[in-house]
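Numbering (the working numbering), first residue to last: 11 to 265. Every residue, glycine too, gets a C-beta built ideally from N, C-alpha and C.
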Amino acid sequence: MPLEIVTLPCRTDNYAFLLHNNETGETALVDAPEAAPLEAALKARGWGLDYILITHHHDDHIIAVATLRDQYGSTVIGAAADAHRLPPLDQEVADGDVLKILGEDMHVLDVSGHTIGHIAFHFPASNAAFTADSLMALGCGRLFEGTPEQAWTSLCALASLPEATIVYSGHEYTQANAKFALTIEADNPALIKRVADIDEARAQGRPTVPSSLALERATNPFLRAAEPSVKAALDMTDQEPLAVFTEIRRRKDNF
11 MPLEIVTLPC RTDNYAFLLH NNETGETALV DAPEAAPLEA ALKARGWGLD
61 YILITHHHDD HIIAVATLRD QYGSTVIGAA ADAHRLPPLD QEVADGDVLK
111 ILGEDMHVLD VSGHTIGHIA FHFPASNAAF TADSLMALGC GRLFEGTPEQ
161 AWTSLCALAS LPEATIVYSG HEYTQANAKF ALTIEADNPA LIKRVADIDE
211 ARAQGRPTVP SSLALERATN PFLRAAEPSV KAALDMTDQE PLAVFTEIRR
261 RKDNF
């Protein structure tokens with residue numbers, strides 16, 4: 011049975027995710043933006059909290075780690091490369107590591123770019139990837155620390171996951187990202203439909219996260235830097251995908 015995954019809004023626009031194995035009773039949390047809604051969700055379901063998985067060091071992803079660890083005795087897992095600025099880790103991981111948690115294999119991917127040492131967690135058996143601020147719904151995180159080359163390499167690694175993968179990203183930025191995406195591919199039918207679906211979801215107060223990797227490949231401009239239509243729209247037909255991605259990121263930063 012695939013894991014039960016609960017999407018939890020936190021703070022102003024963050025998301026955290028609870029993962030639960032109904033057979034073993036184990037539960038994990040991806041990122042800890044705020045204690046109260048997470049505690050309430052666990053209490054409502056009668057779940058403990060066996061693991062806390064940290065994607066990167068920004069406060070809006072780690073601020074509640076200590077509170078939750080103290081309350082539930084959770085094992086905290088995060089990147090060895092980021093350990094010096096994360097809450098104390100019980101287990102340090104790196105790109106390519108595979109851990110058995112919640113009864114499944116969890117694959118660790120280095121997705122540096124937004125920050126150095128940012129990691130993602132992929133659960134192939136449940137078709138789930140937790141990407142936080144690397145690959146986002148219709149976007150990617152601003153490059154606060156990494157280079158465009160690092161970010162593009164990270165996005166290519168995520169884009170190579172199976173098409174059925176569901177992407178659980180860290181923020182409700184999708185509507186703003188959609189407005190920008192239309193400046194790159196205004197005639198993309200899949201994007202036009204997605205924008206309408208996003209507007210409807212937000213009007214009804216529904217989250218736009220998670221999203222499917224197939225949909226991201228079809229509509230997310232940051233994953234589409236190698237597409238001839240995107241290159242042509244930017245008058246960069248003869249440019250390499252990295253240069254196209256860099257220009258898209260520059261435009262988004264100034265949008």
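Per-residue DSSP class, three states only, for residue i
| i | result |
| --- | --- |
| residue 147 | coil |
| residue 97 | coil |
| residue 63 | strand |
| residue 43 | coil |
| residue 255 | helix |
| residue 13 | coil |
| residue 199 | helix |
| residue 245 | coil |
| residue 122 | coil |
| residue 37 | strand |
| residue 68 | coil |
Selection from the options that minimises the alpha carbon distance to residue i
| i | options | result |
| --- | --- | --- |
| residue 238 | 217, 99, 254 | 254 |
| residue 150 | 122, 174, 170, 133 | 122 |
| residue 13 | 24, 148, 113 | 113 |
| residue 61 | 50, 36, 68 | 36 |
| residue 235 | 250, 222, 221, 80 | 250 |
| residue 265 | 164, 172, 186 | 186 |
| residue 258 | 193, 91, 248 | 193 |
| residue 50 | 207, 148, 78 | 78 |
| residue 102 | 260, 87, 56, 221 | 87 |
| residue 137 | 263, 262, 89, 15 | 15 |
| residue 218 | 118, 148, 195 | 148 |
| residue 129 | 24, 44, 68 | 68 |
| residue 210 | 195, 184, 198, 21 | 184 |
| residue 340 | 107, 95, 52 | Missing from the structure shown is residue 340; the chain here goes from 11 to 265 and no further. |
| residue 229 | 256, 263, 190, 246 | 190 |
| residue 96 | 106, 127, 247, 120 | 127 |
| residue 262 | 188, 24, 120 | 188 |
7 Å Cβ shell around residue i - same chain, five flanking residues per side excluded
| i | result |
| --- | --- |
| residue 252 | 158, 159, 162 |
| residue 41 | 26, 64, 65, 71, 142, 180 |
| residue 233 | 165, 169, 226, 227 |
| residue 153 | 123, 124, 161, 259 |
| residue 240 | 194, 195, 231, 234, 254 |
For residue i, the residue or residues it bridges with in DSSP
| i | result |
| --- | --- |
| residue 88 | 102 |
| residue 110 | 115 |
| residue 139 | 132, 177 |
| residue 19 | 25 |
| residue 222 | 176 |
Contacting residues, own chain, Cβ-Cβ under 6 Å from residue i (five flanking each side not counted)
| i | result |
| --- | --- |
| residue 116 | 109, 131, 133 |
| residue 90 | 102, 104 |
| residue 99 | 86, 88, 93 |
| residue 203 | none |
Beta-carbon contacts of residue i that lie in its chain and below 8 Å, excluding the five residues immediately before and after
| i | result |
| --- | --- |
| residue 223 | 139, 168, 169, 171, 172, 173, 174, 175, 176, 177 |
| residue 39 | 26, 27, 28, 29, 48, 59, 61, 62, 63, 78, 84 |
| residue 213 | none |
Subject >> Continuous beta strand (DSSP E) assignments of at least 3 residues falling wholly in the segment 147 to 191 >> reply: Segments of the beta strand (DSSP E) lying fully in the segment 147 to 191: 176 to 179.
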